[in-house]
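Mapping to the numbering used here: the sequence shown position 245 is 242, numbers consecutive. Positions of the beta carbon are idealized from the N, C-alpha and C atoms, including for glycine. Notes follow once the structure below has been shown.
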Amino acid sequence: MVTDIEYEHLITLLRREWFRRTWVIQEVASSQCATVHCGNQSIPWEIFADVYMKLGDRFLPVSQIGGEDARHSLENITAIEKARRSHGGPLSMSLFHILLATSSSKCKDDRDKIFAVVGLAKDWAGQRMFMPDYNTSEGKVLEAFKAFAVADINHHKNLRTLSCASGSRASSSLPSWVPDWRKIENLHPFTRHSDRTRFCASGGMKPEAWHSDNKTVLRVTGIHVDNIATLGSEPAFTKAIAVFEIDAAKITALRQSFLWLQECEALAQVESSKAMTAKRRKELWRTLTCGLTGEAFPAHNGYLNYFNRYMDFMSSASERFENYLEESRTTVSEIRGLDEVIPNFETHAFIEASLDLWSSRRRFSVTHFGRLACVPKGSRVGDVICILFGGEVPYVLRPAGGEFYTVVGECYVDEIMHGESLSYDTAPREFRLR
């Protein structure tokens, strides 16, 4: 059993900047025998990483106590250990997945976002395309980002880099379809977990993609399936089950979480019916969880009951925690554990893990044809939802004048994640992305 004091020590260690340095990732991942030293204490890296990976953010209150720095350190520890295992065994990490896993790491030279980790990528082993070259100007880093986006699409026959597209945040010299690995908005796009999600929105079709000679325009083929009609507020979500320190601020945050869930429920309401239909209820839970568990596996149908129980619980969660807080202040005997206070503790945790990883990082939406969706936070009403051939997931595009579009990002749209839209009577067309 890990005590509160030990939690604090474990998380304090994660606040150290060492864990967030980009070059550390390659140094540890490439080492045959690594040992972690802190003061006069030491521990083999394998044991150190195993402890953190098993506890993870599910059991350690990393985000609550340690903040973003500690959470990024935890993600880097996981990335390093996966790279070590990939280096020495059958597990293979692509450069795309390594860049995504390490994008929150810090480096003085932006070129090292690629140069410091390319040696760990098995899909580019032996190729000289991204060999470190510090004789070029640091401004060339954007050219390296563009070159990687083009190379990954051509090499892997996949549009997964669009899931990390810089979109409307792109610098003036970086096209919207190219990821800016210095600042990825959502570190957990669906394509990061494509070996688990099983999403196949374009039915496994290969991409039909061409880029201009200067790599500024990407031409892709796909179908326009819908438009964003209504957008919910940016999510305000706090895990109730993961609350380790109850105070007035946490209770207020839980109220905000329930208000957000209520808003999503109201937006999903079928206008012609005063009550939520059973079909719409299923669409709602699938969309808010994006049909996935907190570990990115497909969620089974039992999650409908989990979701309904969770919504009932959240309707009175703030009052429950207020009573619990008062009890802890006034009782003389040992207070009850949260698992005694909260019925269905475990299934609530399943729902919260999904909400935290998926819909809380996006915005709930209703489309022109009444579909429920989770779209990028930067989306706008009127944005186009497309299935692009070679894409695992649907994408949100924004008209940019003439025949051009900018990429907003990937999205979840209920009932079109597995190729269903390909049966629609919609002719394929070309989209020019810039």
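Limits of the alpha helix (DSSP H) - the one that residue i falls within
i      : result
Phe145 : Val138 to His153
His221 : Segment Leu215 to Leu228 is the beta strand (DSSP E) holding His221; no alpha helix (DSSP H) there.
Leu285 : Ala275 to Thr286
Phe342 : Phe342 to Leu354
Assigned secondary structure, residue i (DSSP; H/G/I helix, E/B strand, else coil)
i      : result
Thr99  : coil
Gln29  : coil
Cys104 : coil
Arg368 : coil
Leu385 : strand
Leu88  : For Leu88, the predicted structure reports a pLDDT of 47, less than 50, and the residue's modelled location is therefore unreliable. A value from the coordinates is still provided. The answer is coil: DSSP assigns Leu88 none of H, G, I, E or B.
Trp207 : strand
Thr9   : helix
Val115 : helix
Phe196 : coil
Leu419 : helix
Short Cβ contact (8 Å threshold) for residue i with residue j
i      : j      : result
Arg189 : Leu97  : yes
Cys383 : Leu369 : no
Asp107 : Val147 : no
Val390 : Phe187 : yes
Ser209 : Ala233 : no
Leu385 : Val214 : no
Pro204 : Leu156 : yes
Ile506 : Ala80  : Because the chain here runs from -2 to 431, residue 506 falls outside it and cannot be looked at.
Trp42  : Val21  : no
Ala46  : Ile77  : yes
Glu260 : Gly229 : yes
Boundaries (first-last residue) of the beta strand (DSSP E) holding residue i
i      : result
Leu258 : Counting along the chain, Leu258 falls outside any beta strand (DSSP E), though it belongs to the alpha helix (DSSP H) covering Ala245 to Ala265.
Arg395 : Tyr392 to Pro396
Asp309 : Note, Asp309: premise wrong, no beta strand (DSSP E); alpha helix (DSSP H) at Tyr300 to Met311.
Ser39  : Gln38 to Pro41
Ala403 : Note that residue 403 corresponds to Thr in the displayed sequence, not to Ala. Counting along the chain, the beta strand (DSSP E) containing Thr403 begins and ends at Phe401 to Glu407.
Phe112 : Run containing Phe112: none in the beta strand (DSSP E); it sits in the alpha helix (DSSP H), Asp109 to Phe112.
Residues near residue i in its chain [Cβ-Cβ closer than 7 Å; skip 5 each side]
i      : result
Lys236 : Glu349 and Asp353
Glu231 : Arg360 and Lys374
Trp355 : Thr286, Cys287, Leu289 and Cys371
Pro87  : With a pLDDT of only 44 at Pro87, under 50, the local geometry of the prediction cannot be trusted, and no value is derived from it.
Met202 : Phe386 and Gly387
Nearest-angstrom beta carbon gap, residue j and residue i [assumed within contact, 8 Å]
i      : j      : result
Ala226 : Val363 : 6 Å
Leu264 : Trp282 : No, Leu264 and Trp282 are not in contact; Cβ-Cβ is about 14 Å, not under 8 Å.
Thr423 : Val222 : 7 Å
Phe142 : Asn73  : Not confirmed; about 20 Å, so no contact.
Gly200 : Leu419 : 5 Å
Any chain B beta carbon closer than 8 Å to residue i
i      : result
Cys104 : Among the chains in the structure shown there is no chain B, since it carries only a single protein chain.
Cβ-based neighbour list, residue i, same chain, cut-off 6 Å, excluding 5 preceding and 5 following
i      : result
Trp207 : Arg216
Tyr307 : His345 and Ile348
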